[in-house]
Amino acid sequence: GTVINVLADDSDYVKAGQPLVQLDPADVRLALEQAQANLAQTVRQVRTLYVNNGALAAQIALREAEVLRTQGDLARANDDLSRCQGLSGSGAVSQEDLQHARAQASSARSQLAAAQAGLMAAREQLQSNQALTDGLPIERHPSVQLAAAKLREAHLAAQRTALLAPVDGYVAKRTVDRK
Numbered sequence: 000g001t002v003i004n005v006l007a008d009d010s011d012y013v014k015a016g017q018p019l020v021q022l023d024p025a026d027v028r029l030a031l032e033q034a035q036a037n038l039a040q041t042v043r044q045v046r047t048l049y050v051n052n053g054a055l056a057a058q059i060a061l062r063e064a065e066v067l068r069t070q071g072d073l074a075r076a077n078d079d080l081s082r083c084q085g086l087s088g089s090g091a092v093s094q095e096d097l098q099h100a101r102a103q104a105s106s107a108r109s110q111l112a113a114a115q116a117g118l119m120a121a122r123e124q125l126q127s128n129q130a131l132t133d134g135l136p137i138e139r140h141p142s143v144q145l146a147a148a149k150l151r152e153a154h155l156a157a158q159r160t161a162l163l164a165p166v167d168g169y170v171a172k173r174t175v176d177r178k
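Take 0 as the starting number for the sequence shown in the working numbering and just add one per residue.
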């Protein structure tokens, strides 16, 4: 760093821990503020992961209800088709009505397949999100721990802007000058 202040001269008596040289703290202070902001942002992002578990579970319940509804629609469409097929031989149902019943049964099958695919996707999304969160409190999440480590590193750098005397004694020869 850049020396901004020299606090001891040749032949001065200093005590252990006494500041001898002060470095410019501007860059270090900025890095510390950035690390603090990064930790706060990371905690918010990780909290969102945990909250999403509940939202994804609700999405699964919604998809399960949709599957049940489409299963009922398919059962009704199949019943209608069976009745139409049984009555078509006697001429009580036109070919157009029979075709319509087949189309509705086919549409209901497609809707059920789509609902089942949506349910499967929702379950996989929940499992994926849970893999990022299960068994860990927020403070032990790897992303939060990494951001906290960066903050500790920046804090240490900020404390090292003052160079301290390692032992009691006299300054024999000062080799640092203010720039």
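C-beta atoms are modelled at their ideal positions from N, C-alpha and C, and glycine is treated no differently.
**Cβ neighbour criterion (16 or more within 10 Å) applied to R43** = Position 44 of the sequence shown, counted from the first residue, corresponds to residue 43. With fewer than 16 neighbouring CB atoms inside 10 Å of its own CB, R43 falls in the exposed class.
**Prompt:** What's the C-alpha gap between A147 and Q17?
**Reply:** Residue mapping note: residue 147 aligns to position 148 of the sequence shown, counting from 1. Residue mapping note: residue 17 aligns to position 18 of the sequence shown, counting from 1. Cα-Cα distance, rounded: 29 Å.
**Item:** Segment contact, 8 Å Cβ cut-off, at least three pairs: the segment 109 to 123 with the segment 68 to 83
**Value:** Taking 8 Å as the limit for Cβ pairs, the verdict is that the segment 68 to 83 does touch the segment 109 to 123.
**Asked** With G0 and T160 assumed to form a contact (beta carbons below 8 Å), what rounded beta-carbon distance in angstroms separates them?
**Response** Within the sequence shown, the letter at position 1 stands for residue 0. Within the sequence shown, the letter at position 161 stands for residue 160. The Cβ separation is near 7 Å, so the contact holds.
**Asked** Under three-state DSSP, which class holds Q17?
**Response** Translated into the one-based positions of the sequence shown, residue 17 becomes position 18. Secondary structure of Q17 (DSSP, three-state): coil.
**Nearest neighbour of V2, chosen from D167, L162, A39 and A171 [CA to CA]** = Position 3 of the sequence shown, counted from the start, is the residue given in the question as residue 2. The option with the nearest alpha carbon to V2 is L162.
**Request:** Tell me whether V166 sits in a helix, a strand or coil according to DSSP, three-state version.
**Result:** Here residue 166 refers to the residue found at position 167 of the sequence shown. Assignment of V166 by DSSP, reduced to helix, strand and coil, places it in the coil class.
**Item:** Whether S142 touches T41 by CB criterion (9 Å)
**Value:** Along the sequence shown, read from residue 1 onward, the residue named residue 142 stands at position 143. Along the sequence shown, read from residue 1 onward, the residue named residue 41 stands at position 42. Taking 9 Å as the Cβ cut-off, S142 and T41 qualify as a contacting pair.
**Prompt:** Can you list, in chain order, the residues of its chain whose CB lies under 8 Å from that of L86, leaving out five sequence neighbours each side?
**Reply:** Taking the sequence shown and counting its residues from 1, one reaches residue 86 at position 87. Correct list, in chain order: V92.
**Item:** Boundaries (first-last residue) of the beta strand (DSSP E) holding V5
**Value:** Sequence index remark: in the sequence shown, residue 5 carries index 6 (1-based). V2 to V5 is the extent of the beta strand (DSSP E) around V5.
**Request:** Would you grab the beta carbon distance between L31 and A157 for me? Rounded to a whole angstrom, and I think it's under 8 Å.
**Result:** Looking up residue 31 in the sequence shown gives position 32. Looking up residue 157 in the sequence shown gives position 158. Confirmed, Cβ separation roughly 5 Å.
**Prompt:** Per DSSP, L38 is paired with what?
**Reply:** The residue you call residue 38 lines up with position 39 of the sequence shown. L38 pairs with nothing; no bridge assigned.
**Message:** At 4 residues or longer, what runs of the alpha helix (DSSP H) sit wholly inside the segment 93 to 138?
**Reply:** As far as the segment 93 to 138 is concerned, its whole alpha helix (DSSP H) runs of at least 4 residues are 94 to 132.
**Message:** On a Cα-Cα basis, can you pick out the residue from V20, K14, N52 and A7 that is closest to A121?
**Reply:** Start at 1 with the first residue of the sequence shown, and residue 121 comes out as number 122. Nearest Cα to A121 within the set V20, K14, N52 and A7: N52.
**Asked** The alpha helix (DSSP H) spanning P10 covers which residue range?
**Response** Locating residue 10 in the sequence shown gives position 11, counting from the first residue. With the sequence shown as reference, residue 10 is identified as Ser, and Pro is not the correct amino acid for it. First-last for S10: undefined, no H or E at that position.
**Inter-residue Cα distance where the pair is Q103 and Q129** = Numbered from its first residue, the sequence shown carries residue 103 at position 104. Numbered from its first residue, the sequence shown carries residue 129 at position 130. So the alpha carbons of these two residues sit roughly 39 Å apart.
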